[in-house]
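Here the structure comes first, spelled out in structure tokens, and everything after it is commentary.
Numbering (the numbering used here), first residue to last: 107 to 261.
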């Protein structure tokens, strides 16, 4: 990797920062536990890790006589999304019969997925995912406010 490769590596990261910022702004605006910075960091980290896996030619090596180490981008994506689950668990809490933080946890999880898309160079899919996520968080909140908020306890 050289400085001439820098724009190609930087564009997905900037797109991930923008996407994470848009989603995180909505969460921050609503006063949620995981907001602007958290969503940016999750999206950026996901994009960085996916770029690492996709550009493995830059770091390929042979540790054991002729056995080449090759990273599988799908496994890396799986690891990122599984690991993000632990972060998401930290924003979910229960108070009586109510559970809080599920939407924020889901937004963190999809933010990681969007970061993986940008890191893989799938800009259009990442942009569509970001747009849909922000629309869901903003527009569908208006719908959920009109729904009954009573807790139902199954006997």
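Don't be surprised by glycine CBs; every beta carbon is placed ideally from N, CA and C.
Beta bridge pairing from DSSP links residue 161 with no other residue. When rounded, the separation of the alpha-carbon atoms in residue 109 and residue 116 is 11 Å. No Cβ-Cβ contact shorter than 7 Å links residue 113 with residue 153. Counting along the chain, residue 200 sits inside the beta strand (DSSP E) bounded by residues 199-201.
A Cβ-Cβ separation of about 5 Å places residue 130 in contact with residue 141 under the 8 Å criterion. In this model, residue 211 and residue 180 are separated by some 22 Å (Cα to Cα). Here residue 204 carries a strand assignment [DSSP, helix/strand/coil]. DSSP, read as helix, strand or coil, puts residue 173 in strand. Between residue 249 and residue 208, the alpha-carbon positions lie close to 17 Å from each other.
With distances taken between CA atoms, residue 144 lies nearest to 124 out of 159, 156, 230, 124. Contact check for residue 222 against residue 183 passes: the beta carbons are separated by less than 7 Å.
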